[in-house]
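Those protein sequences? They're chains P and U, same order as listed. 2 is the number that numbering that gives the first Met the number 0 gives to position 3 of the first sequence; each next residue is one higher, with no gaps. 23 is the number that numbering that gives the first Met the number 0 gives to position 24 of the second sequence; each next residue is one higher, with no gaps. Notes follow the structure.
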Amino acid sequence: MVGEMGALDGTDPKKFITDFFTSFMSDLARGDEDPTVIVDRYHTPDIVQVADGNLMDRAKLIAHTRPARKHQTGARWEVHEAIADEDRIAARYTLHFQTSKREGSVDVHFFGQFAADGRMRRAHMLTRSVPAKVSGAAPAEVSSESSPPEAPDRRQSPA
Amino acid sequence: MTVSSYRVIGMACGHCAGFVTEEIERIPGVTTVAVDVERDTVTVTSDGPLDIAEVRAAVEEAGYELP
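The following block contains the structure:
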């Protein structure tokens, strides 16, 4: 099974998960590409995310990208640790976000499963808002983020 | 007392619910706001009927949309 892990195999899970979220949000934030196309580039059609007990399928995920695109001005994923087991990743990270109106940080405990091409298939998240760090670095401008060369190529059309 | 329900698009988690609640609570006359993220629904209790334009503006200020 490990050999089938095309995108994750050989990649540091901490880097994989950081690149996944950063690249996804960067694609949303820059340009005017249809959010549906972007969501499908990073998620399988049967994607199921459960955040704090709230289920989000593909349609809800696409709907959720619209406010994110409209208002989010910065986002940075600070991944504290990540562990991979075949096609699954468990990670603990803090999302630092900035919108036109507010900024904040959210601690996330994440369990995810990814397809061989690197797209997300399933994710369960427990989240908790944390106070923004006064002395911390400001969230990076998502529009200035770029995909590191080592990041899995998710720009191909879904199979 | 008036109770009104609205469909709000784009909410995904408790943080989304918090943002929407915070903005709608600013509308004069609103007493309680209950968000059902799973059903994309926001139920607002107010002293009297609300102007839909005000509710729409509050929801959009939070970053979400009324259909």
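All residues carry an ideal CB built from backbone N, CA and C; glycine is no exception. Values in this document were obtained by computation on a predicted structure and should not be read as measured data.
Kindly list the residues whose CB is nearer than 6 Å to the CB of P/Gly135, restricted to its own chain and excluding five residues on each side of it in sequence; keep chain order.
Here residue 135 of chain P refers to the residue found at position 136 of the first sequence. Here the model assigns P/Gly135 a pLDDT of 48, short of 50, so the residue's position is not dependable, and the following value carries that caveat. Result list for P/Gly135: empty, nothing under 6 Å.
Per-residue contacts from U/Tyr63 into chain P (C-beta, under 7 Å)
As a working mapping, residue 63 of chain U is identified with position 64 in the second sequence. Neighbours of U/Tyr63 in chain P, taken as residues whose beta carbon is under 7 Å from its own, are Pro66 in chain order.
Give a yes or no on whether 8 Å exceeds the smallest Cβ distance from P/Ala81 to chain U.
Counted from its first residue, the first sequence places residue 81 of chain P at position 82. Judged by the 8 Å Cβ criterion, P/Ala81 is not in contact with chain U.
Tell me which residues of the segment 104 to 132 of chain P have at least one Cβ-Cβ distance to chain U shorter than 7 Å, keeping chain order.
Val105, Thr126, Ser128
Is the beta carbon of P/Asp26 sitting closer than 8 Å to the one on P/Ile37?
Translated into the one-based positions of the first sequence, residue 26 of chain P becomes position 27. Translated into the one-based positions of the first sequence, residue 37 of chain P becomes position 38. In this structure, P/Asp26 lies near P/Ile37, with their beta-carbon atoms less than 8 Å apart.
Would you verify that the beta carbon of U/Val29 is, or is not, closer than 8 Å to some beta carbon of chain P?
Walking along the second sequence from the start, residue 29 of chain U turns up at place 30. It does not; no Cβ of chain P falls within 8 Å.
Check the Cβ of U/Ile8 against every Cβ in chain P and list those closer than 7 Å, keeping chain order.
Within the second sequence, residue 8 of chain U is the residue found at index 9, counting from 1. Listed by position along chain P, the residues whose Cβ is nearer than 7 Å to that of U/Ile8 are Ala62.
Mind pulling the chain U residues with CB within less than 7 Å of P/Ala50?
By one-based count along the first sequence, residue 50 of chain P stands at place 51. Going along chain U in sequence order, the residues near P/Ala50 (Cβ under 7 Å) are Ala11, Cys12.
Can you tell me whether U/Ala61 is helix, strand or coil according to DSSP?
On the second sequence, position 62 is the one that residue 61 of chain U refers to. If DSSP states are grouped into helix, strand and coil, U/Ala61 belongs with the helices.
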